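In what follows, a structure is listed as structure tokens, so that the remarks can point back to it.
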Amino acid sequence: MTVPSAARSSSRAHAVRRVVLRRALWAVPLLLGVSALVFLLASLTPADGTSGFLGARGEFTNTQTRAAVGELLDQGNWWQACLAWWQGALTGDWGTSTILRAPVADTLAARIPWTALVMTAGLLLGALLAVPLAVAAARRPESLAARVLTGVAWALSAAPAYIVGLGLLLVFALGLGWLPAGGLAPPGEPLTVATVASHALLPALAVALSQVPWIALHLHAALIGARSSDAVLAARLRGLPPRTVTSRHVLPVAVVPLLALLGTRLPELVVGAALVETVFSWPGLGQAMVDAAVGRDLALLAGTTVCLTVLVLLGNLLADAALVLVDPRVRADDL
Amino acid sequence: MTSEQRMTAGLVAAPPWRAPATMAGLSSVTHPPRTPRWPYAAGAVIILYALAVPIVASATGWWGGADTGAVDYVAGVTAPSWAHPFGTDVAGRDLFVRCARALQVSLLAAAVGAAVAALLGTALGAASAMLGGRADRILMRGVDGVAAVPHLLLGIIIATVYRGSLWTVVLVVALTHWTGTTRLVRGEVLSLRERAWVRAATSQGYTRRQVLRHHVLPHVGAQVGVATALLVPHAVWHETTLTFLGLGMPPHQASLGSLIELAQQSVVSGAWWTLAAPAGLLVAATVCLGAALHRGARHAV
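This is the structure:
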């Protein structure tokens with residue numbers, strides 16, 4: 227501990243910069259690969275590609291959309307189409323969605339904030355629920371309450387987010403009628419903070435409940451491990467009150483591994499948006515991607531895929547940067 | 083550090099339905115060491131239910147008989163009773179028998195998908211380790227790339243093109259989950275390659291293929307088998323998710339995903355049992371089979 231704190235913090239900042247740089251370099255081939263896969267698979271469509279993307283019953287006979295799809299597919303082979311798509315995307319032209327009949331760029335810009343809102347709210351709510359539960363359970367690991375808590379968390383972790391969502395819908399929206407069942411606001415009414423908040427509560431709760439198990443179980447295990455460490459033993463020997471020992475000596479050590487774990491869990495969280503958004507008709511990116519997949523809307527599928535991948539990479543980056551900042555034991559080269 | 087590396091570093095543990103890349107993922111976080119024997123019994127009950135109920139139904143005609151495809155709208159959406167322990171769905175089909183069929187189909191799709199993923203992963207992992215050099219580096223970069231894309235995202239893209247059958251689910255599971263096995267097998271083969279008996283075989287002039295087949299792969303088998311078995315509950319999860327989104331199994335084919343998708347509409351009119359039966363079965367099956375497989379794997383290794 228002889229390193230001056232200023233030097234240490236500057237080396238931390240340097241480490242964060244290195245992580246950011248490496249991740250940015252890694253993102254380029256990854257995004258290219260994912261978009262190339264979309265176009266490769268689209269070119270392998272067993273049936274006639276154009277009819278597939280125009281809808282099986284020929285409902286999209288609008289000349290504009292037909293021209294848009296034709297343009298997208300008539301770029302030669304799949305990688306030429308992909309490169310042409312990237313050329314457009316980098317200049318702001320993401321193509322036209324056939325199922326939404328709107329430019330993909332506008333759709334993405336309108337939907338990204340809603341997905342980000344529900345994911346962030348869900349993750350925060352999940353942490354708010356899980357941390358007190360884990361701390362309480364770790365205080366008396368042998369008690370019946372702690373065992374019930376771990377059992378419930380374990381069973382909950384096996385329930386996919388859409389089952390949790392449907393269950394919440396069944397109880398709180400249809401059974402008790404406390405909260406609205408879906409959408410952003412009642413039809414025809416303007417968006418206000420209050421209506422959006424009331425409509426976002428159930429989707430956010432569904433996301434939160436699907437995140438509570440892993441946070442609670444791992445924090446519980448880490449707390450029990452940290453409690454028996456030498457540092458905590460010494461703190462207790464010095465006669466510090468249990469509350470201080472928990473908040474100052476046990477929690478900081480136990481929370482750091484969670485931050486590392488968050489990076490590995492974020493992809494699931496972001497893409498799990500597709501499930502929760504589908505259940506609650508929440509107009510986010512995940513729902514758009516599922517709609518694009520069901521409706522075989524190539525431009526929208528490519529756009530949402532790339533956007534979701536970027537969100538995943540950004541989330542990963544944030545989690546890892548936070549880890550490097552918080553835990554001096556982690557070196558930038560390990561990440 | 084990738085997620086697999088983090089998990090094997092002992093920093094974190096894989097939850098039961100997530101297939102761990104190696105045995106080090108089998109930690110005691112979600113499985114206290116004094117876990118009782120209930121997972122075996124519960125897993126056996128669930129398998130027995132899936133296998134026996136359709137047979138009993140066709141033999142005795144209980145629960146509306148075994149013809150789960152028959153549509154009878156008059157008998158539609160009835161609550162659980164002695165005649166129909168799980169109630170009936172919107173088309174009047176008995177859910178007790180239909181859930182059993184659905185579990186069979188979901189487990190089959192998951193098991194085939196996991197097996198194909200294991201074969202693909204083993205082949206690529208062994209090839210990567212035996213070839214070495216630049217081929218190895220390129221292959222492992224590819225593995226990193228595929229592993230960095232969320233499974234569900236990749237699954238939705240694949241299912242957009244090939245949708246609506248059991249093979250879609252198999253394809254999606256196989257193409258998204260081979261990376262774990264590839265890393266596992268590559269690591270094992272790299273360490274096995276330096277063992278005395280492999281060196282002896284090489285120095286006696288056996289070809290690389292013979293060495294691989296007779297001296298290396300047999301020793302990798304057990305690990306791959308365990309990893310594949312642990313993948314099955316996770317793959318069931320993928321089947322239900324894809325089908326729920328309308329991209330997996332066709333709607334008329336009973337599978338846990340298609341039952342839950344159908345329930346999404348019935349639940350709105352208050353038919354809670356149409357959701358509770360398949361969803362409860364899904365949770366019970368993944369928890370119990372996952373726990374039993376983990377326990378079995380820990381004892382076996």
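Line by line, the protein sequences give chains A and B. Each residue of the first sequence is one higher than the one before, counting from 227 in the working numbering. Each residue of the second sequence is one higher than the one before, counting from 83 in the working numbering. A virtual CB, placed ideally from N, CA and C, is assigned to each residue, including glycine. These numbers were taken from a predicted model, which means no experiment stands behind them.
Cβ shell of residue i (< 6 Å), same chain only, five flanking positions each side left out
i	result
residue 265 of chain A	304, 307, 308
residue 512 of chain A	499, 500, 503
residue 507 of chain A	408, 409
residue 340 of chain A	509, 510
residue 187 of chain A	The requested residue 187 of chain A is not part of the displayed model; chain A covers only 227 to 561.
residue 114 of chain B	Unreliable placement is indicated for residue 114 of chain B, whose pLDDT of 47 sits below 50; no coordinate value is reported for it.
residue 329 of chain B	241, 245
Member of the options whose CA lies at the smallest distance from the CA of residue i
i	options	result
residue 180 of chain B	B:377, B:368, B:380, B:342	B:342
residue 127 of chain B	B:381, B:225, B:360, B:366	B:366
residue 246 of chain B	A:477, A:337, A:520	A:520
residue 268 of chain B	B:243, B:306, B:313, B:240	B:306
residue 262 of chain A	A:242, A:312, A:252	A:312
residue 200 of chain B	B:357, B:121, B:330, B:253	B:253
residue 422 of chain A	A:401, A:536, A:344	A:344
residue 425 of chain A	A:326, A:369, A:486, A:404	A:404
residue 438 of chain A	A:384, A:544, A:342	A:384
residue 324 of chain A	A:333, A:452, A:391	A:333
residue 274 of chain B	B:167, B:211, B:327	B:211
residue 310 of chain A	A:528, A:380, A:430	A:528
residue 257 of chain B	B:270, B:241, B:271, B:272	B:241
residue 236 of chain B	B:316, B:129, B:281, B:255	B:255
residue 324 of chain B	B:377, B:290, B:381, B:248	B:248
residue 539 of chain A	B:262, B:322, B:230	B:230
residue 346 of chain B	B:332, B:361, B:292	B:361
residue 358 of chain A	A:347, A:398, A:393, A:446	A:446
residue 366 of chain A	A:449, A:351, A:352, A:441	A:449
residue 380 of chain A	A:401, A:419, A:442	A:442
residue 359 of chain B	B:261, B:162, B:350, B:138	B:162
residue 395 of chain A	B:350, B:376, B:380, B:119	B:350
Distance between beta carbons of residue j and residue i, contact taken as under 8 Å
i	j	result
residue 158 of chain B	residue 174 of chain B	4 Å
residue 552 of chain A	residue 482 of chain A	6 Å
residue 125 of chain B	residue 364 of chain B	Wrong, their Cβ atoms sit about 14 Å apart, outside the cutoff.
residue 387 of chain A	residue 436 of chain A	4 Å
residue 182 of chain B	residue 135 of chain B	4 Å
residue 206 of chain B	residue 264 of chain B	5 Å
Cβ of residue i within 8 Å of any chain B Cβ
i	result
residue 503 of chain A	no
residue 500 of chain A	yes
residue 374 of chain A	no
residue 535 of chain A	yes
residue 285 of chain A	No answer about residue 285 of chain A holds up, because its pLDDT of 48 lies below 50 and its placement is not dependable.
residue 304 of chain A	no
residue 345 of chain A	no
residue 389 of chain A	yes
residue 260 of chain A	yes
residue 545 of chain A	no
residue 324 of chain A	no
residue 248 of chain A	no
residue 363 of chain A	no
Residue-level contact to chain A via CB, residue i, 8 Å cutoff
i	result
residue 319 of chain B	yes
residue 322 of chain B	yes
residue 342 of chain B	yes
residue 368 of chain B	yes
residue 232 of chain B	yes
residue 168 of chain B	no
residue 312 of chain B	no
residue 225 of chain B	no
residue 128 of chain B	no
residue 120 of chain B	no
residue 355 of chain B	no
residue 220 of chain B	no
residue 93 of chain B	Residue confidence for residue 93 of chain B is low, a pLDDT of 36 falling below 50, so the modelled location carries little weight; the figure read from the coordinates is stated next. Yes - at least one Cβ of chain A is within 8 Å of the one on residue 93 of chain B.
residue 361 of chain B	yes
Same chain, Cβ closer than 7 Å to residue i, neighbours up to 5 away in sequence not counted
i	result
residue 462 of chain A	471
Nonlocal neighbours in the same chain, by C-beta distance under 8 Å from residue i, ignoring five residues either side
i	result
residue 348 of chain B	159, 171, 172, 356, 357
residue 186 of chain B	132, 133, 136
residue 249 of chain A	539, 542, 543, 546
Cβ-heavy atom distance, residue i to the ligand ZN, below 7 Å
i	result
residue 315 of chain B	Because no ligand of any kind appears in the structure shown, any question about the ligand ZN cannot be addressed here.
### Query
If you scan the segment 454-536 of chain A from start to end, which runs of the alpha helix (DSSP H) of 4 or more residues do you find wholly inside it?
456-463, 477-505, 511-520
### Task
Counting only runs of 4+ residues fully inside the segment 235-300 of chain B, write out the alpha helix (DSSP H) ranges in chain order.
248-274, 278-285, 290-293
### Task
Please list the segments of the alpha helix (DSSP H) lying wholly inside the segment 329-373 of chain B, counting only runs of 4 or more residues, in order along the chain.
338-348
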